[in-house]
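Novice: Numbers in UniProt numbering are just positions in the sequence shown, counted from 1, shifted up by 6. Virtual Cβ for every residue (Gly too), placed ideally from N, Cα, C. Just so we're clear, the structure is a prediction, and the values are computed from it rather than from any experiment. Take this structure, written in structure tokens, and hold onto it; I'll ask about it next.
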Amino acid sequence: DQHTTIQNCREDFPVLSRKVHGKPLAYLDNAASSQMPRQVQDAYRDYHSRYHANVHRGVHLLSQEATDAMEQARESLRSHINARESKEIIFTSGATDAMNLVMQSWGRKNIGEGDEILISTMEHHSNIVPWKMLCDDRNASLKVIPVSDDGILDLDAFESMISDRTRLVGIVHVSNTLGTVNPVEKITKIAHGKGVPVLVDGAQAVSHMQVDVQKIGCDFYATSGHKMYGPTGIGILYGRKEMLEEMPPYRGGGDMILSVSFDEVLFNDLPYKFEAGTPNISGAIGMGRAAEYIRSIGYDAIYQREQELLAYATSELSAIEGLNIIGKAPGKSSVISFVLDSVHPHDIGTILDLEGVAVRTGHHCTQPLMERLGLVATTRASMAMYNTEEEIDQLVAALHKVLEIFR
Ligand code: PMP
Numbered sequence: 007d008q009h010t011t012i013q014n015c016r017e018d019f020p021v022l023s024r025k026v027h028g029k030p031l032a033y034l035d036n037a038a039s040s041q042m043p044r045q046v047q048d049a050y051r052d053y054h055s056r057y058h059a060n061v062h063r064g065v066h067l068l069s070q071e072a073t074d075a076m077e078q079a080r081e082s083l084r085s086h087i088n089a090r091e092s093k094e095i096i097f098t099s100g101a102t103d104a105m106n107l108v109m110q111s112w113g114r115k116n117i118g119e120g121d122e123i124l125i126s127t128m129e130h131h132s133n134i135v136p137w138k139m140l141c142d143d144r145n146a147s148l149k150v151i152p153v154s155d156d157g158i159l160d161l162d163a164f165e166s167m168i169s170d171r172t173r174l175v176g177i178v179h180v181s182n183t184l185g186t187v188n189p190v191e192k193i194t195k196i197a198h199g200k201g202v203p204v205l206v207d208g209a210q211a212v213s214h215m216q217v218d219v220q221k222i223g224c225d226f227y228a229t230s231g232h233k234m235y236g237p238t239g240i241g242i243l244y245g246r247k248e249m250l251e252e253m254p255p256y257r258g259g260g261d262m263i264l265s266v267s268f269d270e271v272l273f274n275d276l277p278y279k280f281e282a283g284t285p286n287i288s289g290a291i292g293m294g295r296a297a298e299y300i301r302s303i304g305y306d307a308i309y310q311r312e313q314e315l316l317a318y319a320t321s322e323l324s325a326i327e328g329l330n331i332i333g334k335a336p337g338k339s340s341v342i343s344f345v346l347d348s349v350h351p352h353d354i355g356t357i358l359d360l361e362g363v364a365v366r367t368g369h370h371c372t373q374p375l376m377e378r379l380g381l382v383a384t385t386r387a388s389m390a391m392y393n394t395e396e397e398i399d400q401l402v403a404a405l406h407k408v409l410e411i412f413r
């Protein structure tokens, strides 16, 4: 098997050679879900065809193999984000589920009347809605760090907004709408200086950059498999052991217990006390394999290639008259949101699809950010390591078609 490098990685993704409406597919919707390489598909298929069985309970060989593979995946993900111990990695159904875990368990234990939770204007709904639900339930308040017109977080405002009632800072690592990379290490340092724990939403970070949770210093880090070349329906919550140990389970059932009687339930140790019921075994194996795939190519190569694509796409798109790029933070990730004259993004997306170009249009689950920027929707092209300059040319040509139709 030929070793994958950044130059030949495209060959690992069978879907990229298909046609859409008779045109070659230009897949530029990677911030929604990236595609799966055959290595991940093979791991997934191998599990289903050779050792599909329930984990943790069986003495039979298939169950042991499934358990080993799932725990190896946990270890792969531990090392991927440099957590200290694999018990700090909790499998969830995605980043959304990971943040809800923090809300339901840590939040319900620690948030009371008059407390404050500090998040930013550029959060994804999954790092807003759980906290809004909890604040409404507890008579606590949600405070919001402002962002500039270019999509940069106001760090001075952030610092001044931390009060003696602030109980948690929740911050997105990389904005799915703007590509802004937030200085999460610095943010954590500031918050910890005032005794406030930090949750980082890393759904958009792990496919693009080396994440080191110890270096960031955060208390929680959430991410999803399907945004890092893995399957859907799987994600992880990293939690610092000291935090997780203090947190109560929030879903009861099998696997999360040591013993059960009608009088008393004793809960299992980490990480299992947060993993009630049969987990997404194949998903975990796939996500672990996806992390290995990323490591085999290397973040330096991935980052360099994606930044090349970002620079090319930025310059080509900027040359289109009437096109405005939304989000201009220096050092941003390979995501370009834009508006084009008065053409509605939904119409743009529909025409691009007919030209084989897959992008996302709408508010990208960041309605408060859209409102702050005075927009209802944008068109978003998001690039992964396997994209090409030709695909960006295809996007640009399709946008010229849009303009021919609407001008
Ligand atoms: N946070 C961000 C920044 C995201 O982009 C997404 C996915 N769009 C999520 C959280 C939620 O991830 P999932 O839907 O996989 O739970």
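1. Pro-30 bridges to which residues according to DSSP?
2. Any heavy atom of the ligand PMP inside 6 angstroms of the beta-carbon of Ser-213?
3. Between His-214 and Ile-308, what straight-line distance do the alpha-carbon atoms span, to the nearest angstrom?
4. Do you know whose CA, among Gly-355, Ser-288, Val-178, Arg-114, lies nearest residue 2's CA?
5. Regarding Asn-60 and the ligand PMP, is the C-beta to nearest heavy atom distance less than 6 angstroms?
6. So, are the CB atoms of Met-391 and Glu-270 less than 7 angstroms apart?
7. Is Ala-209 near the ligand PMP, in the sense that its beta carbon is under 6 angstroms from a heavy atom of that ligand?
8. Between which two residues does the beta strand (DSSP E) holding Asn-330 run?
9. May I ask which residues mark the beginning and end of the beta strand (DSSP E) holding Ser-343?
10. Quick check on Lys-279: buried or exposed, where buried means 16 or more other Cβ atoms within 10 Å of its Cβ?
11. Please list, in chain order, all residues of the same chain as Ile-95 whose beta carbon is under 7 angstroms from its beta carbon, the five residues on each side excluded.
12. Quick check: Gly-259 and Ala-282, are their CB atoms within less than 7 angstroms of each other?
13. Would you mind giving the Cβ-Cβ distance between Leu-148 and Asn-188, rounded to the nearest angstrom? I have them listed as a contact below 8 angstroms.
14. Under 8 angstroms Cβ to Cβ from Ser-40, same chain only, skipping five residues before and after it: list those, please.
15. Measure the Cβ-Cβ separation of Gln-216 and Asn-182 and say whether it is below 7 angstroms.
16. Output the boundary residues of the alpha helix (DSSP H) element that contains Val-190.
17. Using only the heavy atoms of the ligand PLP, determine whether one of them is closer than 6 angstroms to the beta carbon of Thr-356.
18. So what does DSSP say about Lys-149, is it helix, strand or coil?
19. Please list the terminal residues of the continuous beta strand (DSSP E) segment that includes Thr-98.
20. Is it the case that the Cβ atoms of Val-206 and Cys-224 are separated by a distance below 7 angstroms?
21. The ligand PMP and His-369: does the residue's C-beta get closer than 6 angstroms to at least one heavy atom of that ligand?
22. Where does Glu-248 sit, in a helix, a strand or coil, going by DSSP?
23. With a threshold of 6 angstroms (Cβ to nearest heavy atom), would Leu-296 be considered close to the ligand PMP?
24. The beta strand (DSSP E) spanning Asp-170 covers which residue range?
25. Could you tell me if the beta carbon of residue 414 falls within a distance shorter than 6 angstroms of some heavy atom in the ligand PMP?
26. Taking only runs that begin and end inside the stretch 267–335, name each unbroken beta strand (DSSP E) of 3 or more residues, in chain order.
27. What span of residues does the beta strand (DSSP E) with Leu-124 cover, start to end?
28. If contacts are defined as beta-carbon pairs under 8 angstroms, then Ala-72 and His-54 qualify, I think. What distance do you get, rounded to the angstrom?
29. Does the stretch 343–350 come within contact of the stretch 281–298, defined as at least 3 CB pairs closer than 8 angstroms?
30. Look at the Cβ atom of residue 414, then the Cβ atom of Ile-240, and state whether they are nearer than 7 angstroms.
31. In angstroms with no decimal places, state the Cα-to-Cα distance between Pro-152 and Gly-333.
32. In the DSSP assignment, the beta strand (DSSP E) including Val-204 goes from what residue to what residue?
33. Closest by CA to Phe-226, which one among Gly-199, Asn-133, Val-46?
34. Using the Cβ count rule (16 or more neighbours within 10 Å means buried), how would you classify Asp-74?
35. Could you tell me the distance, in whole angstroms, from the CA atom of Tyr-299 to the CA atom of Asp-121?
Specialist: This is what the structure gives:
1. As a first step, residue 30 is located in the sequence shown; it is residue number 24 there, counting from the start. Under DSSP, Pro-30 forms a beta bridge with Lys-25.
2. For this step, residue 213 is matched to residue 207 along the sequence shown. Ser-213 Cβ: outside cutoff for every heavy atom of the ligand PMP.
3. What you label residue 214 is simply residue 208 of the sequence shown in a count that begins at 1. What you label residue 308 is simply residue 302 of the sequence shown in a count that begins at 1. The alpha-carbon atoms of His-214 and Ile-308 are separated by roughly 7 angstroms.
4. With the chain running from 7 to 413 in the structure shown, residue 2 is simply not present.
5. In the sequence shown, residue 60 corresponds to position 54, counting from 1. Incorrect: Asn-60 has no Cβ contact closer than 6 angstroms to the ligand PMP.
6. Counting from 1 along the sequence shown, the entry for residue 391 is found at position 385. Counting from 1 along the sequence shown, the entry for residue 270 is found at position 264. Contact: no.
7. Locating residue 209 in the sequence shown gives position 203, counting from the first residue. Ala-209 Cβ: within cutoff of the ligand PMP.
8. Locating residue 330 in the sequence shown gives position 324, where the first residue counts as 1. Residues 329–332.
9. As a working mapping, residue 343 is identified with position 337 in the sequence shown. Here the beta strand (DSSP E) through Ser-343 covers 341–346.
10. Here residue 279 refers to the residue found at position 273 of the sequence shown. Flag for Lys-279 reads buried.
11. In the sequence shown, counting from the first residue as 1, residue 95 sits at position 89. Arg-80, Leu-83, Arg-84, Ala-89, Ile-242, Tyr-244, Pro-277, listed in sequence order.
12. The count along the sequence shown starts at 1 and reaches residue 259 at position 253. The count along the sequence shown starts at 1 and reaches residue 282 at position 276. Against a cut-off of 7 angstroms, the Cβ pair of Ala-282 and Gly-259 comes out as a contact.
13. The count along the sequence shown starts at 1 and reaches residue 148 at position 142. The count along the sequence shown starts at 1 and reaches residue 188 at position 182. At roughly 18 angstroms, the Cβ-Cβ gap does not stay under 8 angstroms, so Leu-148 and Asn-188 are not in contact.
14. Against the sequence shown, residue 40 aligns to sequence position 34. If we look at Ser-40 and ignore the five residues flanking it on each side, its Cβ neighbours are Ser-213, His-232, Lys-233, Met-234, Tyr-235, Ala-390.
15. Indexing the sequence shown from 1 puts residue 216 at position 210. Indexing the sequence shown from 1 puts residue 182 at position 176. Not a contact, by the Cβ cut-off of 7 angstroms.
16. Indexing the sequence shown from 1 puts residue 190 at position 184. 190–199 is the span of the alpha helix (DSSP H), which, as asked, contains Val-190.
17. The ligand PLP is not part of the structure shown, which contains the ligand PMP as its ligands.
18. Locating residue 149 in the sequence shown gives position 143, counting from the first residue. In this structure, Lys-149 counts as strand in the three-state DSSP scheme.
19. By 1-based counting over the sequence shown, the position of residue 98 is 92. For Thr-98, the uninterrupted beta strand (DSSP E) run begins and ends at 95–98, by DSSP.
20. Within the sequence shown, numbered from 1, the residue matching residue 206 stands at position 200. Within the sequence shown, numbered from 1, the residue matching residue 224 stands at position 218. Yes, the pair counts as a contact, with Cβ atoms nearer than the cut-off.
21. As a working note, residue 369 is residue 363 in the sequence shown. His-369 Cβ: outside cutoff for every heavy atom of the ligand PMP.
22. On the sequence shown, position 242 is the one that residue 248 refers to. It is helical.
23. Position 290 of the sequence shown holds residue 296. For the sequence presented, residue 296 should be read as Ala rather than Leu. No - the ligand PMP has no heavy atom lying nearer than 6 angstroms to the Cβ of Ala-296.
24. As a working mapping, residue 170 is identified with position 164 in the sequence shown. Neither: Asp-170 is in no beta strand (DSSP E) and is coded neither H nor E.
25. Because the chain is modelled from 7 through 413, residue 414 falls outside the range shown and cannot be assessed.
26. Taking 3 residues as the shortest admissible run, the stretch 267–335 contains the following complete beta strand (DSSP E) segments, listed from N- to C-terminal end: 271–273, 329–332.
27. Along the sequence shown, one-based indexing puts residue 124 at 118. Following the DSSP letters along the chain, one finds Leu-124 inside the beta strand (DSSP E) bounded by residues 122–126.
28. Within the sequence shown, the letter at position 66 stands for residue 72. Within the sequence shown, the letter at position 48 stands for residue 54. Taking C-beta atoms under 8 angstroms as the contact rule, Ala-72 and His-54 fail to qualify, at a distance of about 11 angstroms.
29. no
30. Outside the displayed span of the chain (7 to 413) sits residue 414, for which this structure offers no information.
31. Within the sequence shown, numbered from 1, the residue matching residue 152 stands at position 146. Within the sequence shown, numbered from 1, the residue matching residue 333 stands at position 327. Each residue's Cα considered, the two are about 14 angstroms apart.
32. Mapped onto the sequence shown, residue 204 falls at position 198. In the DSSP assignment, Val-204 falls within the unbroken beta strand (DSSP E) covering 204–207.
33. Residue mapping note: residue 226 aligns to position 220 of the sequence shown, counting from 1. When only C-alpha atoms are compared, the closest one is Asn-133.
34. Within the sequence shown, the letter at position 68 stands for residue 74. It counts as exposed.
35. In the sequence shown, residue 299 corresponds to position 293, counting from 1. In the sequence shown, residue 121 corresponds to position 115, counting from 1. C-alpha separation (whole angstroms): 42 angstroms.
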